[in-house]
Amino acid sequence: MGKGIPGLETAYHALFTGALIFLAIMVVLCLVRAIIGPRVADRIVAVNMMGTMVMVIIAILALMLEEGYLADICLIYAMLSFLAVIVLTRVYMGVYREKKEKEERRNGGD
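For the sequence shown, the positions run 18 to 127 when this note's numbering is used.
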(Lines of atoms letter the chains of each structure in order from A and count residues from 1; the text may use other names and numbers.)
(Lines give C-alpha, C1' and ligand atoms only; values in the text may rest on other atoms or scores of the structure.)
Protein backbone atom coordinates (compact mmCIF):
# COMPACT_ATOMS: atom_id res chain seq x y z
CA MET A 1 0.00 0.00 0.00
CA GLY A 2 1.76 3.12 -1.20
CA LYS A 3 5.23 1.52 -1.27
CA GLY A 4 6.46 3.45 -4.32
CA ILE A 5 5.27 6.94 -3.43
CA PRO A 6 7.10 8.77 -0.64
CA GLY A 7 4.86 10.06 2.14
CA LEU A 8 1.85 8.03 1.05
CA GLU A 9 2.49 5.35 3.67
CA THR A 10 2.54 8.04 6.37
CA ALA A 11 -0.68 9.55 5.04
CA TYR A 12 -2.38 6.14 5.05
CA HIS A 13 -1.19 5.47 8.58
CA ALA A 14 -2.54 8.84 9.79
CA LEU A 15 -5.86 8.27 8.02
CA PHE A 16 -6.28 4.77 9.45
CA THR A 17 -5.29 5.91 12.94
CA GLY A 18 -7.84 8.73 12.78
CA ALA A 19 -10.53 6.33 11.60
CA LEU A 20 -9.71 3.89 14.41
CA ILE A 21 -9.92 6.65 17.03
CA PHE A 22 -13.25 7.85 15.63
CA LEU A 23 -14.66 4.31 15.56
CA ALA A 24 -13.48 3.65 19.11
CA ILE A 25 -15.34 6.75 20.31
CA MET A 26 -18.45 5.65 18.42
CA VAL A 27 -18.28 2.16 19.95
CA VAL A 28 -18.17 3.72 23.43
CA LEU A 29 -21.18 5.90 22.60
CA CYS A 30 -23.08 2.86 21.33
CA LEU A 31 -22.19 1.04 24.53
CA VAL A 32 -23.69 3.92 26.51
CA ARG A 33 -26.82 3.71 24.34
CA ALA A 34 -27.03 -0.04 24.90
CA ILE A 35 -26.82 0.48 28.66
CA ILE A 36 -29.30 3.34 29.08
CA GLY A 37 -31.85 2.11 26.54
CA PRO A 38 -34.63 3.17 27.19
CA ARG A 39 -36.31 0.43 25.13
CA VAL A 40 -35.09 -3.05 24.32
CA ALA A 41 -35.18 -2.25 20.61
CA ASP A 42 -32.72 0.62 21.20
CA ARG A 43 -30.39 -1.76 22.98
CA ILE A 44 -30.55 -4.35 20.19
CA VAL A 45 -29.80 -1.73 17.53
CA ALA A 46 -26.90 -0.37 19.60
CA VAL A 47 -25.40 -3.86 19.98
CA ASN A 48 -25.77 -4.43 16.24
CA MET A 49 -24.05 -1.11 15.51
CA MET A 50 -21.23 -2.01 17.87
CA GLY A 51 -20.74 -5.30 16.04
CA THR A 52 -20.61 -3.55 12.69
CA MET A 53 -18.09 -1.00 13.92
CA VAL A 54 -15.88 -3.70 15.42
CA MET A 55 -15.88 -5.42 12.01
CA VAL A 56 -14.73 -2.18 10.38
CA ILE A 57 -12.04 -1.78 13.03
CA ILE A 58 -10.77 -5.30 12.33
CA ALA A 59 -10.77 -4.60 8.58
CA ILE A 60 -8.78 -1.38 9.06
CA LEU A 61 -6.30 -3.21 11.27
CA ALA A 62 -5.96 -5.87 8.55
CA LEU A 63 -4.94 -3.12 6.13
CA MET A 64 -2.66 -1.31 8.59
CA LEU A 65 -0.83 -4.41 9.78
CA GLU A 66 -0.94 -6.12 6.35
CA GLU A 67 -2.18 -9.34 7.96
CA GLY A 68 -4.53 -11.33 5.75
CA TYR A 69 -5.82 -13.58 8.51
CA LEU A 70 -7.57 -10.59 10.10
CA ALA A 71 -9.93 -10.50 7.11
CA ASP A 72 -10.94 -14.08 7.92
CA ILE A 73 -11.49 -13.12 11.55
CA CYS A 74 -13.62 -10.20 10.36
CA LEU A 75 -15.83 -12.52 8.32
CA ILE A 76 -16.24 -14.94 11.22
CA TYR A 77 -17.07 -12.04 13.54
CA ALA A 78 -19.67 -10.80 11.03
CA MET A 79 -21.42 -14.17 11.04
CA LEU A 80 -21.37 -14.39 14.84
CA SER A 81 -22.63 -10.82 15.21
CA PHE A 82 -25.47 -11.48 12.79
CA LEU A 83 -26.50 -14.63 14.62
CA ALA A 84 -26.32 -12.89 18.00
CA VAL A 85 -28.66 -10.11 16.85
CA ILE A 86 -31.08 -12.65 15.39
CA VAL A 87 -31.11 -14.63 18.66
CA LEU A 88 -31.57 -11.47 20.75
CA THR A 89 -34.43 -10.35 18.55
CA ARG A 90 -36.13 -13.76 18.72
CA VAL A 91 -35.85 -13.84 22.51
CA TYR A 92 -37.19 -10.30 22.79
CA MET A 93 -40.11 -11.07 20.49
CA GLY A 94 -40.94 -14.20 22.50
CA VAL A 95 -40.97 -12.25 25.77
CA TYR A 96 -43.00 -9.45 24.17
CA ARG A 97 -45.54 -11.92 22.79
CA GLU A 98 -45.88 -13.64 26.18
CA LYS A 99 -46.41 -10.32 27.91
CA LYS A 100 -49.02 -9.27 25.35
CA GLU A 101 -50.93 -12.56 25.69
CA LYS A 102 -50.89 -12.28 29.49
CA GLU A 103 -52.33 -8.75 29.27
CA GLU A 104 -55.05 -9.90 26.85
CA ARG A 105 -56.01 -12.77 29.15
CA ARG A 106 -56.13 -10.44 32.16
CA ASN A 107 -58.18 -7.78 30.33
CA GLY A 108 -60.46 -10.37 28.73
CA GLY A 109 -61.28 -12.00 32.10
CA ASP A 110 -62.57 -8.77 33.66
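Idealized CB from N, CA, C, for every residue including glycine.
Problem set entry | Cβ separation of residue 72 and residue 98, assumed to be a contact under 8 Å, to the nearest whole Å | 7 Å
Exercise. Is residue 22 helix, strand or coil by DSSP?
Worked result: coil
Problem set entry | Sequence-distant residues of its chain with Cβ nearer than 7 Å to residue 133 (five each side left out) | Residue 133 falls outside the range modelled here, since the chain spans only 18 to 127, and no answer is possible.
Exercise. Among 23, 60, 93, 70, which has the Cα closest to the Cα of residue 44?
Worked result: 70
For this session: Return the residue from the list 106, 68, 104 that minimises the CA-CA distance to residue 94.
Result: 68
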